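Quick note on this note's numbering: the sequence shown kicks off at 32 and runs consecutively. All residues carry an ideal CB built from backbone N, CA and C; glycine is no exception. Just so we're clear, the structure is a prediction, and the values are computed from it rather than from any experiment. The structure under discussion appears below in the form of structure tokens.
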Amino acid sequence: MRRPLLLKLTGLVLVVTLLSMGVTTFFVTLYASNTIIENLYIDLISDAKLVSYWLESCDDWQSAEIISRLGDKIKRTITLIDYNGKVIADSYFPKYYLDDLADCPEVQQALGGEIGKARRICEIIDEEMIYVALPFESGIVRVSTTANEIMYSLSSLSKAALILTGLVSLVSLGVAYLVNRNITEPLEEILEATKSLQVGEFGRKVLVRSTDEIGQLGRAFNELSLTLEKMFNTIHDRENKLNAVLTSMDDGVLAVDTNLKVILVNRSVAEMLNEDQDSLIGKELIEVIQSYQLIEIVSDAMTSMKSTVSEIKLYPSSSRIMAVSISPLEGESNSTIGVVIVLRDITELRRLENMRKEFVANVSHELRTPLTSIKGFVETILNDKSMEPRLVERFLTIVNEETDRMIALINDLLDLSRIESGKAKPIFEVVNIKKIFADTIIMFRSKMEQKDITIENRLEDLLVMGDPKLLRQVTTNLIDNAIKYNKESGHIWIDSVIRKDIAEISVTDTGFGIPADRLDRIFERFYRVDKGRSRQMGGTGLGLSIIKHIIDRHNGEIRAESELGDGTTITFTLKMAKQNLGQLKR
């Protein structure tokens, strides 16, 4: 397991220890070096005094051989110099190597009556030398030695200091590691527990080992963890309730901030827009709902801080109409932080309202025409007492026909209302659809003979599941339409196709046909392809609408196929009875 903090603290202690030991060693070594050099100077001064005392008591003090033996005894280089700086004798170098030393600093100091000291490189042997010059009665005595004498002592001292530094560093490293580990281990536990909090694992505690600041931190973390767990559970519970409410709402709920960016959206909005719910979060409102009208309404609501109700389209070319309710969101300081938008799809409601208005208008129109005609003829008869009986009979016949048309219209309206409202619930049973068509054909035989229309019932004994009364109404309207809108000497065919457990039954005529652009509207109430001809033939415009509703109640489908001037085919489907399926399998 990586422990970067432990390594950093231990490394810091090691660096501090090394720096401390380095600085201490440097100054100790410097002090020792200065002390050794000073002691060496003292030794050289003592040696120089002894040599000067001995030379003053010796008669042959200028002899090079005596100076050489004396230098060997004290293990120093001895040089005798006169007051002019000329070398008299030297214990190590021949005299001609050292002719004149008057320019040497130690000699100049001695000529001034002081003890001369110097440390420099000797040009003859190219080594560092330490010199001490002392005046006596007959001249100057100079005693010198190489710097190697102090270098050896300093080297030994440096080695000892390095070894001591290494030992102290190792001990410090071990102690620092143990101490820092006791500090970092609780911190690592708190760090791991904090990571658990990040992923929602609340309630986790850390072991408190001490009463110091780290122990206090551990106890504070444990208390914080419990507090966060309670807060999270509360927030999570509220969020679940809110999500449950939003998800169960059929209305779309959308919340945006002051920058018109989506911050909340429910499932209904995503379904309305056919988008993924999460992908809508963070988008601009205009990207989600492409309606500048909505943007203006939202902006006005933010400015006025008042709720607004309106209607919009999801996008300019959309046929869907949305009722929009907008309410501002207020923050703690009563400032607007966004708005909540509630969307309700009222497309179907508006369509039904339009249908209701159209229905009322159509019913009023359909009733007003015959009523106006009836009123006109009745007023004519009442105002003209001398009207011929032949005309009276003709007018009354027209009144009777108009009355029959109104009765048929009202009956169709009642049937349609009863079917749409669900009051006329189908009572399913096994029905021989061929027999129902055969009975219907017999009922319309006289009408067929008037227009010289032939009909072929090519159905086999086909058993389907349905309500006999409602299916008879279907066959009646289909055959009636096929006769009404057929040509003289026309033809009608009744066929069927079996597809698995579904029977497709079609009625085809050789009538006037329907334009292709009007086929999708023929099942609407009061819709007529040729209004004049339909009224003339006694049609109410409700027959196909009634048929469609009946087939829908049988869980079937109905469609129309036609070409103008080339007849029409109406096809509907019914579920086949099990008895019929058994016969087909055999």
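DSSP places TYR162 within a strand segment (E or B) once states are collapsed to three. Counted as a single uninterrupted DSSP element, the stretch harbouring ALA513 is not any beta strand (DSSP E) but the alpha helix (DSSP H) occupying residues 499-515. In the DSSP assignment, ASP121 falls within the unbroken beta strand (DSSP E) covering 118-121. Non-local beta-carbon contacts of SER341 in its own chain, meaning distances under 6 Å to residues more than five positions away in sequence, involve ILE328, VAL355 in chain order.
In the pairwise beta carbon analysis, the region 490-504 is classified as touching the region 597-611: at least three pairs are separated by under 8 Å. With a cutoff of 8 Å on beta-carbon distance, VAL172 and SER88 are scored as not near each other.
Partner residues in a beta bridge of CYS135, as assigned by DSSP, do not exist. Counted as a single uninterrupted DSSP element, the stretch harbouring PHE554 is not any alpha helix (DSSP H), since DSSP gives it neither H nor E. Of all alpha-carbon atoms in LYS344, VAL370, PHE167, the one lying nearest the alpha-carbon of ARG381 is that of LYS344. Annotation for ASP268: the continuous alpha helix (DSSP H) segment containing it runs 244-279. Residues ALA301 of the same chain have their beta carbon placed closer than 8 Å to that of ASP307, with the five preceding and five following residues left out of the count.
Cβ-Cβ separation between ASP492 and LYS465: approximately 6 Å, consistent with a contact (criterion under 8 Å).
Listed in chain order, the non-local C-beta contacts of GLN140 below 6 Å within the same chain comprise GLY147, local neighbours out to five positions each way being set aside. In the DSSP secondary-structure assignment, TRP524 is bridged to GLU487, THR539. Note that the region 199-210 does not touch the region 96-109; fewer than 3 beta-carbon pairs, one per stretch, sit closer than 8 Å. Close CB contacts of LEU595 within its chain, under the 6 Å cut and outside five residues either way in sequence, are with GLY544, PRO546 (chain order).
In terms of CA proximity to GLY574, TYR516 leads the group SER350, THR176, SER175, TYR516. With respect to MET303, LEU374 sits close: the two C-beta atoms are nearer than 8 Å. Within the same chain, ILE181, SER184, LEU185 come within 8 Å of ILE67 by CB-CB distance, once the 5 residues on both sides are set aside. The C-alpha of LEU509 is placed about 8 Å away from the C-alpha of ILE578.
Within its own chain, the residues whose Cβ lies closer than 8 Å to the Cβ of ILE412, once the five positions on either side in sequence are excluded, are MET418, VAL423, PHE426, LEU427, listed in chain order.
Contact between ALA192 and THR60 holds, since their C-beta atoms are separated by about 6 Å, short of 8 Å. Taken through DSSP and simplified to helix, strand or coil, PRO359 comes out as strand. For MET336, the secondary structure class from DSSP, reduced to helix, strand or coil, is coil. If you draw a straight line from the Cα of VAL430 to the Cα of SER350, it comes to about 45 Å.
For ALA591, the enclosing beta strand (DSSP E) starts and ends at 589-593. Assigned with DSSP and collapsed to three states, VAL210 falls in helix. The beta carbons of ALA120 and VAL138 sit no closer together than 8 Å. With respect to PHE475, ILE514 sits close: the two C-beta atoms are nearer than 8 Å. For PHE57, DSSP assigns no beta-bridge partner whatsoever. Taking 8 Å as the cut-off, the beta carbon of VAL174 is found closer than this to the beta carbon of ASP78.
Taking a C-beta distance under 8 Å as the contact criterion, ARG150 and GLU158 do not qualify as a contact pair.
Per DSSP, reduced to three states, the secondary structure at SER184 is helical. In the DSSP assignment, LYS148 is bridged to VAL163.
ALA332 counts as buried, since at least 16 other C-beta atoms from the protein chains shown sit within 10 angstroms of its C-beta.
The Cβ neighbour count for ASP435, taken over all protein chains shown within 10 Å, is under 16; the residue is labelled exposed.
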